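**Q** Sharing a structure here in structure tokens format.
Protein chains in written order, with our numbering: chain A, 1 to 290; chain B, 291 to 845; chain C, 846 to 1169.
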């Protein structure tokens, strides 16, 4: 399995790239310290500067170091994407598992529900969800007015709509696995439903879940960056690659590099996740045709 | 075979040329870019900056402030005045002080379809304006007019129930054409939907100005052409196209490519964007920065224990260097404000106490206020509480975010820890500010009128609360008897000398108490191509398009 | 059998639309700052009394459920309400917009297929070769690139640096001829195409590979036909049929992608209309726009399912259900 994965050159390259990105992003504060950069220090005398010794990639529209902001933005974008992907996977797995296992009317209902969610126009719906005012929901002010609420919100709304692929996959796997010998044996031995699902079915469904989740991260990053770009996602001054592009839009002539870097990083990350997922699919799930 | 090839390549070349040649438009058409498409066209329903901008080309209010900040009659013949009897103080039925104002409509004022603008239209507009179901935005002028005497087709007198010094501009309502709109008012609740301004915007009978609207492409553009019934100076441009482009980058891109000729100063770019643009396109464009009555400030929540102390408020203002911000960020084009009254205003008092950048004084005041313990560079009081304040503003507004960053670092130098938190405008204004949910500081702008008395923002009865249904705009929660008195007097005492003294008091109290930290007066950049002449920026909310007939292309 | 299935699907779809309408109505109701609150900021003469009165007139002070019930009652009779920001009945606004979006999506679909089919076939005929890898890389690149960034780059390059193409809009006012419109179509269509061509190409390749593995192909080759003849004569038709279902399924996704492209290029289409309506608190329009988009997706899915069965007679409708 590992050998098959290693044969997929792009996937390996992607994995390395992603790990590097993750490392560098998480270590953003360290790197800042090492190079003497500061993502938050504004300097009105150095607005939108081209690259220099002090600022390896130049500065943004307020004079903050671009490299440092990209790193912090990476942290946020990656963390949000992974959290949302994980949350979606969990929800999807639960739905798919229960639907496939219990079958019958329950299954039919859950699948109709899943179909319903799939048919919704994603982006407009995300826009609506991202634009609502949380205090009208009755949530406490200490939460709605907190600094990181935009992060939680993005993770939540993406999870609400992103679980459907995993759900279908897991359901299909569960249906197949249900018929297998070892499951029937467990049933005959009197194992509880919960135990069967947990111990027998779930571990065998892991491969497609991993593949689907990996492939979904790319999409999630795209959604988060679009929402942040539109001003509905991660709110400044918290940096995310998407919202770094919002202001860069206005400066595309005077400082085009501000628009190039964040977008490029999004692109590289997404394509890396896609290749990684593709490689994993080849390695773990060779039944699927290409 | 060869012939096919050469013919083919010739055709190809032609196609390519056609595809990539930029279309040019003759100079008797002017294409103006604005940042938003108007939501509707009825002059009295829903006020919107871009709408007044466009409508000013096709209709004129009775009385406006001109570019010299002097009152001028556009639809009327002479300015009503207490001195010559065209305005008379009178007693109302309940014994209060009212005023009777006489207006004469321009004798040649005619709707675009040939029907003259008469007092009948004034009566009609007043009648439907008073009706609460109609949906007019600002109903106060209509309600205060208790009756109208019609002298003839052009002359009428309105009887106003409360005399205020701004009596001339306050009742300058936007007349509607009775012969077109009357039938649409059959069901008052449906008027705003059925109004011809919405259903039949290109009807000539709706417009009486130098231009009339001849084409509307919803969300995209509006076309105006000269109105033959206009009585004033004939306009020069044969066609004016107003294009709505929401993205600033697209606005400037279109300007550079020639797809639009001019970006509306009042409704286009911010100073920031204009400065960036200027750097690259100097040779074809002139830029004029006109500062105006848009007051950028920081409201302070006066209920907060930290900000209750006046010394802290004063210290905050001393600690920041607004001059430097103005120079660095706006190259000096947005003058520092010392209070909410603009220096261009006649009631401005230059002797009002002001707060120079004085970090030493700031530190002294903070020490006095009990914030004297320094830990990690941040001040604490004797109880160990941290001097930490939250600064909020609208997200996505580059200028404001820039200023926030600078203020944060400047305040830090005086030991104040600032946390920045921004929200989209809809949340910020819709909830946080309007319901006074901001904990410490809220940064935004007020638009005011010349000599406008800031009653709703400073009077103690105007503090929004759950009890009064969140009405009022006194978001800081300012309640000061001297200010209340000054506000009441300023509206009613019109004697120039006394009025001046009242305003002097008003500004003094504001400066001493600081319910808000004054920042600067926002400027509008007017980027005109070198061939476009005649645009005179005003600095107040009466747009430059009120003199559109003066605009012309230089030979 | 098909009839019953169709009826079932219609019923389900209506249910989805109903639930969606309630959900979206509620969500939009949770949006802060109706335009009236915002008006206070920009109009120095507006009093608080005015604001309250205006809210009452627009019915914004009634509880959400009542407003929804009123809306539903009207909707069932065909009255979908009045668009605040466009000053027309909401339905009327959609008319023009659909045409504009269809033009954009239609052209980009044609372009995508025009590229995807030949390239996909080509790659399938040389699997795991250098060309194949290059094609694969290009496909992944296309689907990974953030569409708004792509739009921005294209605008920078072609409108600003080179000045060849307009930076946005549907046409130059006063012109509107075919050339002018084509001018304005190029960048948005290219943006949309780049985003969607990757998936189509990969699918075409996979489908072709699968077809080539089949017995009848080997039979044809055994008969002595050249590769070209085999491909064109036999494999092509079989490989392209599943493409139809993919196209049907992509109706909905094109909508999401279309929204960003339309907004970036100021294209007056459905996507931009929905976006503006949501953020402009134009309840009625946003609602009907979203429902329309959902309905299209539902129809697309339905057609795809029917198509799947029709193309592969071995699969029955119930199988299709189970495998999902």
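Idealized CB from N, CA, C, for every residue including glycine.
Keep in mind it's a predicted model, so treat the numbers as computed, not measured.
(1) According to DSSP, what are the bridge partners of residue 446/B?
(2) Cα-Cα, which of 358/B, 701/B, 740/B and 641/B is closest to residue 668/B?
(3) Any contact between the segment 985 to 997 of chain C and the segment 216 to 226 of chain A? By contact I mean 3 or more CB pairs, one from each, below 8 Å.
(4) So which residues on chain B does residue 247/A lean against when the C-beta distance must stay under 7 Å?
(5) Tell me whether residue 910/C is buried or exposed, calling it buried when 16 or more other Cβ atoms sit within 10 Å of its Cβ.
(6) Are residue 266/B and residue 657/B touching if we call contact CB-CB under 8 Å?
(7) To the nearest angstrom, how far is the alpha carbon of residue 613/B from that of residue 1031/C?
(8) Which value, in whole angstroms, describes the spacing of the CA atoms of residue 217/A and residue 232/A?
(9) Take residue 624/B and list the residues in its own chain whose beta-carbon comes closer than 7 Å to its own, dropping the five residues that flank it on each side.
(10) Looking at C-alpha atoms only, which residue of 1150/C, 1151/C, 1136/C and 1154/C is the closest neighbour of residue 121/A?
(11) Could you please give me the residues that DSSP links to residue 319/B through a beta bridge?
(12) Considering only residues of the segment 747 to 820 of chain B, which uninterrupted alpha helix (DSSP H) runs meet the minimum length of 4 residues and lie entirely inside it, listed in chain order?
(13) Closer than 8 Å, CB to CB, is residue 1104/C near chain B or not?
(14) Give the DSSP bridge partners of residue 665/B, in chain order.
(15) Count the other CB atoms within 10 Å of the CB of residue 411/B; is the residue buried (16 or more) or exposed (fewer)?
(16) What are the residues of the segment 202 to 224 of chain A that lie near chain C, defined by any Cβ-Cβ distance shorter than 8 Å?
(17) Return the first residue and the last residue of the alpha helix (DSSP H) that residue 984/C is part of.
(18) Looking at the secondary structure, which residues open and close the alpha helix (DSSP H) in which residue 649/B lies?
(19) Just checking, does the segment 356 to 376 of chain B make contact with the segment 458 to 473 of chain B on the three C-beta pairs under 8 Å criterion?
(20) Hey, how far is the Cα of residue 356/B from the Cα of residue 822/B?
(21) Strictly under 8 Å for the Cβ-Cβ distance: is residue 257/A near chain B by that measure?
(22) Buried or exposed: which applies to residue 435/B, given that a residue is buried once 16 or more other Cβ atoms fall within 10 Å of its Cβ?
(23) Hey, is residue 428/B's beta-carbon within less than 8 Å of any beta-carbon in chain C?
(24) Mind listing the chain C neighbours of residue 274/A? Cutoff is C-beta to C-beta under 8 Å, in chain order.
(25) With a threshold of 8 Å between beta-carbons, can residue 235/A be considered close to chain B, or not?
(26) For chain C, find out if any of its Cβ atoms is closer than 8 Å to the Cβ of residue 308/B; answer yes or no.
(27) Given that a residue counts as buried once 16 or more other Cβ atoms are within 10 Å of its Cβ, and exposed if not, what is residue 124/A?
(28) Using a cut-off of 8 Å between C-beta atoms, extract the partners of residue 1146/C located in chain A.
(29) So residue 761/B packs on residue 1004/C, CB below 8 Å; how close in whole Å?
(30) Where does residue 380/B fall in DSSP's three states?
(31) How would you call residue 1072/C, buried or exposed, if buried means at least 16 neighbouring beta carbons within 10 angstroms?
(32) Where does residue 275/A land, buried or exposed, given buried means 16+ other C-beta within 10 angstroms?
(33) Residue 563/B CB to nearest chain A CB: under 8 Å?
(34) Answer yes or no: do residue 805/B and residue 607/B have a C-beta to C-beta separation smaller than 8 Å?
(35) What residues from chain A crowd round residue 569/B, counting only those whose CB sits closer than 8 Å?
(36) Indicate whether the contact test is met: 3 or more Cβ pairs, each with one atom in the segment 838 to 845 of chain B and one in the segment 94 to 101 of chain A, closer than 8 Å.
**A** Well, looking at it:
(1) As computed with DSSP, residue 446/B is found in a beta bridge with 393/B and 440/B.
(2) 701/B
(3) yes
(4) 688
(5) Counting C-beta atoms within 10 angstroms of its own C-beta, residue 910/C has fewer than 16 neighbours from the protein chains shown and is therefore classed as exposed.
(6) Lying before the first or after the last residue shown, residue 266/B is absent from chain B, which here runs from 291 to 845.
(7) 47 Å
(8) 19 Å
(9) Correct list, in chain order: 561, 581, 616, 810, 811, 812 and 813.
(10) 1136/C
(11) 529/B
(12) Segments of the alpha helix (DSSP H) lying fully in the segment 747 to 820 of chain B: 771 to 782 and 786 to 803.
(13) no
(14) 668/B
(15) buried
(16) 218 and 222
(17) Per DSSP, residue 984/C belongs to the alpha helix (DSSP H) from 975 to 989.
(18) It spans 649 to 658 - the alpha helix (DSSP H) in which residue 649/B sits, taken as one unbroken run.
(19) yes
(20) 20 Å
(21) no
(22) Buried.
(23) yes
(24) 985, 988 and 989
(25) yes
(26) Residue placement at residue 308/B is flagged as unreliable, the pLDDT there being 46, under the threshold of 50; the coordinate-derived value follows with that caveat. It does; some Cβ of chain C falls within 8 Å.
(27) buried
(28) 115, 118 and 119
(29) Contact flag wrong, Cβ pair sits at about 48 Å.
(30) strand
(31) Classification of residue 1072/C: exposed, given that the 10 Å Cβ count is below 16.
(32) buried
(33) Yes, because at least one Cβ of chain A sits closer than 8 Å to the Cβ of residue 563/B.
(34) Not in contact: residue 805/B and residue 607/B (Cβ atoms no closer than 8 Å).
(35) Within chain A, the residues near residue 569/B are 254.
(36) no
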